[in-house]
Amino acid sequence: MKGRGDERLKRAVALKYDPGSDRAPKVTAKGARAVAERIIELAREQGIPLHEDPDLVGALMELDFHEEIPPQLYKAVAEILAFVYRLNRQRKAQSAKATPHRA
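Residue numbering for the sequence shown follows our numbering, beginning at 53 and increasing consecutively.
Here it is in structure tokens:
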């Protein structure tokens, strides 16, 4: 990717959270430069929503792989997850409306 967005996409962190088995979200991927671009590319290919927050990414970059986020980041990450869950529900509802029902 080239252009004005390059500066904003130099670092990326991916989180995973399974409320049934995880106490808190965990870091599943992180990287800078080309690795960050690949994480973002894969997320886009899979339809995973992206959120830009350089301060939060900086804090998450300090964590190890598969490490749970610390309590001081719960609120920030919870707000993002709530947004993602709402977005996923909206997409499912739109998909259901677009799918014709067969009799």
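We put the CB at the ideal spot given by N, CA and C, even for glycine.
Between A64 and I100, the C-beta gap is not smaller than 7 Å, which leaves the two residues out of contact. Rounded to the nearest whole angstrom, the C-alpha separation of H103 and G72 is 24 Å. Secondary structure of R75 (DSSP, three-state): coil.
Note: V65 is bridge-paired with K82 in the DSSP secondary-structure output. With a contact defined as Cβ atoms closer than 8 Å, L133 and A111 miss out at about 16 Å.
The Cβ atoms of L108 and V79 lie no closer than 7 Å to each other. Judged by beta-carbon spacing, K68 lies beyond the 7 Å limit of A84, meaning their Cβ atoms are not closer than that value.
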